[in-house]
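To keep things clear, I will list the structure first and then write my remarks on it.
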Amino acid sequence: MYQTIHINKQSIYLAMAYPPFSFFILTCLIISTSHAAPVDDVCTKTTNPPLCIAALGGPESHKDNLVGLAEIGFQTAGMAAVKFVNLFTTFASSPRVSANAKANAVKCGKLYDRVFKGLITPAHEAARVGRWADVVSPVRQIVVGIDTCEMYFNGNSPVHEDSRIARVAAEAIVVIAGFKS
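Counting with mature numbering (1 follows the signal peptide of the UniProt record, and there is no 0), you get residues -36 to -1, 1 to 145 for the letters of the sequence shown.
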């Protein structure tokens, strides 16, 4: 993982003013500024870093290693899958919903049931045993499934906010798999 290091002018002047200590001072500055939490390293590589940090954040995620963070991502995406299928089933059976919206809800429900439930379990198992290369493809398909459902509703599905969270959790899993591979 790469971390941008910011050293202010005062630190440079201090190091220049005391040459025998300059190496020591600069080394301490670099060490103190280069340790970011794994959630920050991962989330900055997603399409929505603030949402990623909010979705995967919390006291545990800032001290967890990448494997623990991936577990949080899988739990977030897995809970979303169950919630989405239930919500789309309820939405499709509502008498106040238009026929077009019902048809889209049925399509999304089937898509989430097939894509999420069918792909997240094998990807999760692959991650648990350290086969990170086998995680990327199914999780990317999950992201495509989320985008497809949002497209059916023109970006305004009944689970739009939750789907954004599930999408960014899936993106974070792909980033983690890239780091671990």
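Even for Gly, the Cβ is constructed at its ideal location relative to N, Cα and C. What you are looking at is a predicted structure, and each value in this text was computed from that prediction instead of being measured.
- Message: Give me the residue from Gly21, Asn50, Phe48 and Leu51 with the minimum Cα distance to Gly37.
- Response: For Gly37, the nearest C-alpha among the options comes from Gly21.
- Message: Can you give me the C-alpha to C-alpha distance between Ala56 and Cys16, rounded to a whole angstrom?
- Response: Their backbone Cα atoms lie some 29 Å apart in a straight line.
- Message: If the criterion is Cβ atoms closer than 8 Å, does the pair Ala133 and Ala41 meet it?
- Response: The Cβ atoms of Ala133 and Ala41 lie closer than 8 Å to each other.
- Contained alpha helix (DSSP H) runs [length at least 4] in the segment 58 to 102, N- to C-terminal order: The segment 58 to 102 contains these whole alpha helix (DSSP H) runs: 63 to 75 and 82 to 92.
- Residue burial classification, His124 (beta-carbon count within 10 angstroms, cutoff 16): Here His124 is exposed, its C-beta having fewer than 16 other C-beta atoms within 10 Å.
- Could you give the distance in angstroms between the alpha-carbon of residue 148 and the alpha-carbon of Thr11? Residue 148 lies beyond the range of the chain shown here (-36 to 145); nothing can be said about it.
- Indicate whether Lys144 and Leu33 have their beta-carbon atoms separated by less than 8 Å. Against a cut-off of 8 Å, the Cβ pair of Leu33 and Lys144 comes out as no contact.
- Message: Three or more C-beta pairs under 8 Å: does that hold for the segment 103 to 115 against the segment 69 to 88?
- Response: Touching, yes.
- Task: Identify, in the order they occur along the chain, each residue of the same chain with its Cβ nearer than 7 Å to the Cβ of Ser121, setting aside the five sequence neighbours on each side.
- Result: Taken in chain order, the residues that qualify are Cys72, Cys113, Glu114 and Ser127.
- Query: Beta-carbon separation of Ala19 and Ile140 under 8 Å?
  - Reply: In this structure, the beta-carbon distance from Ala19 to Ile140 does not fall below 8 Å.
- Phe117: first and last residue of the uninterrupted alpha helix (DSSP H) it sits in: From DSSP, Phe117 is part of no alpha helix (DSSP H); its letter is neither H nor E.
- Local conformation of Pro14 per DSSP, three classes: Pro14 carries a helical assignment under DSSP once its states are collapsed to helix, strand and coil.
- DSSP-derived helix/strand/coil call for Ala1: Ala1 carries a coil assignment under DSSP once its states are collapsed to helix, strand and coil.
- Query: Based on Cα-Cα distance, which residue from Ala90, Gly119 and Phe48 lies nearest to Val138?
  - Reply: It is Ala90 whose Cα lies nearest to the Cα of Val138.
- Have a look at Val61 and Ala67 and give me their C-alpha separation to the nearest angstrom. Taking C-alpha positions only, Val61 is separated from Ala67 by approximately 10 Å.
- Message: Which residue marks the beginning of the alpha helix (DSSP H) containing Asn50, and which one marks its end?
- Response: For Asn50, the enclosing alpha helix (DSSP H) begins and ends at Leu30 to Ala56.
- Note down, in chain order, each residue of its chain lying with its Cβ closer than 6 Å to the Cβ of Cys7, except the 5 sequence neighbours on either side. For Cys7, same chain residues with a beta-carbon under 6 Å away, outside a window of 5 residues either side, are Pro13, Cys16 and Ile17 in chain order.
- Query: If you count every other CB in all the chains shown that lies within 10 Å of the CB of Pro86, and 16 or more means buried, which is it?
  - Reply: Note on Pro86: under 16 other CB atoms within 10 angstroms of its CB, so exposed under the neighbour-count rule.
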